[in-house]
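So the structure is just underneath, and the comments pick up after that.
There are 2 protein chains.
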Amino acid sequence: MGMETYIQVLKNNRLKVTPRRKAIIGVFMKHGVRMGPYELYEKLKRKLPKLGLPTVYRILEELKDAGILVQSLAEDRRLRYALCACPDEHHHHFTCRKCKKVEEVEFCNFNGLSSFIEKNLNAKVESHNLQIEGLCARCR
Amino acid sequence: MGMETYIQVLKNNRLKVTPRRKAIIGVFMKHGVRMGPYELYEKLKRKLPKLGLPTVYRILEELKDAGILVQSLAEDRRLRYALCACPDEHHHHFTCRKCKKVEEVEFCNFNGLSSFIEKNLNAKVESHNLQIEGLCARCR
DNA sequence: TGGATAAATAGAAATGATTTCTATTTATAC
DNA sequence: GTATAAATAGAAATCATTTCTATTTATCCA
Ligand SMILES: [Mn+2]
Ligand SMILES: [Mn+2]
Ligand SMILES: [Zn+2]
Ligand SMILES: [Zn+2]
């Protein structure tokens, strides 16, 4: 997806198209990697010396709500975000342990899981969250 | 599993069998529910008025390392722990959104997932974490 | 094109879960 | 019982995240 598409998503969500928001999206587009608020802040403060860390936190949250980013918690329990190409289709993400690249995984055995639990526990599955880690093609 | 079994696990891990450790295990055995450090602290301070919150944090971590508890992060991003009956077998856990009961789920399509990713991304899957939520048989 | 307006932002400060530190207590081995 | 290392309480520190307020800015419209 190009920047123009993301700008349109911002507009659709009544978010102003600001230099800060474009810059943050730009960093994600450039690196294709999972990043935390402070990492983005560090990467951007050369270009935007007056950028504030709370602004980064807020923008990341807004971009998540707009469906541009997905949020996750890394093993250090801190916030991470990554671009998500198709937030409307149910899918998961694979993250490389070494380079942090995030790739879409269009595979999910939700039905099998759901019917197993339905049958064995007589419970109703309402959501599931799957985080997959490993080594990407380059890093393996 | 009974308390005696857990006491043996403590001994196997060179952890002393203290009233605090037994009390924390006891709360989990009694409730079968996912709990956070502060919740345990509150439940225990009648019986153990001198209990300190840092002690609860430390014991929970130790019990996790010993394989008695599993750690997770709830949606509020805070620590939660639950008993795990068979830490050696790969499996997942189902948590009831309403009553927080945790049940074992001996279902996992790891092979399918792994070979999908291997084929499509040419990546190597090293770990996955699946959290399943819904309503248990009683609460649904 | 410029002014009005609400949204966005910076910077300082607060928050609060979690961790660290140190003196004291306690479980365990002998 | 005593010695020992492990465990604990309580105070304090840490630090990621959030809140607050004054200022700036993107957007809309005359
Ligand atoms: Mn995605
Ligand atoms: Mn288990
Ligand atoms: Zn990689
Ligand atoms: Zn329930």
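In the order they appear, the protein sequences are chains A and B. At position 89 of the first sequence (counting the first as 1) the number is 78 in my numbering, and the numbers step up by one without a gap. At position 44 of the second sequence (counting the first as 1) the number is 33 in my numbering, and the numbers step up by one without a gap. Heads up, the beta-carbon is just placed ideally off N, CA and C, and yes, glycines get one too.
In chain A, which residues lie less than 7 Å from asparagine 98/B when you measure between Cβ atoms?
Asn98 and Gly101
Since alanine 112/A meets chain B, which of its residues come closer than 8 Å, beta carbon to beta carbon?
Phe83, Cys85, Glu92, Gly123, Leu124, Cys125, Ala126 and Arg129
Under the rule that 16 or more other beta-carbon atoms within 10 Å means buried, what is threonine 84/A, buried or exposed?
buried
Taking Cβ positions, are glutamate 92/A and histidine 80/A nearer each other than 7 Å?
no
Test: leucine 62/A CB closer than 7 Å to a CB of chain B
yes
Alanine 131/B: buried (16+ other C-beta within 10 angstroms of its C-beta) or exposed?
Within the shown structure, residues of chain B are numbered from -10 to 129, placing residue 131/B beyond reach of any answer.
Between the Cα of phenylalanine 99/B and those of Leu110/B, His117/B, Lys90/B and Asn111/B, spot the shortest distance and give me the residue it belongs to.
His117/B
How would you label methionine 18/A, buried or exposed, when you count the other beta carbons within 10 angstroms and need 16 or more for buried?
exposed
Lysine 113/A: CB within 6 Å of a non-hydrogen atom of ligand 4
no
With lysine 89/B and valine 22/B assumed to form a contact (beta carbons below 8 Å), what rounded beta-carbon distance in angstroms separates them?
4 Å
Does any residue of chain B have a CB that is nearer than 7 Å to the CB of glutamate 107/A?
no
In three-state DSSP terms, what is phenylalanine 96/A?
coil
May I ask you to check if the CB of glutamate 93/B is nearer than 6 Å to at least one heavy atom of ligand 2?
yes
Work out the CA separation of asparagine 2/A and proline 26/A for me, nearest whole Å.
22 Å
Can you look up methionine 24/B in the DSSP assignment and give me helix, strand or coil?
strand
Is any heavy atom of ligand 1 found at a distance shorter than 6 Å from the C-beta of cysteine 73/A?
yes
I need the straight-line Cα distance from cysteine 73/B to aspartate 54/B, nearest angstrom please.
12 Å
Using a C-beta cutoff of 7 Å, does leucine -1/B count as contacting chain A?
no
Per DSSP, which residues does serine 104/B bridge with? Please list them.
Per DSSP, none; premise fails for serine 104/B.
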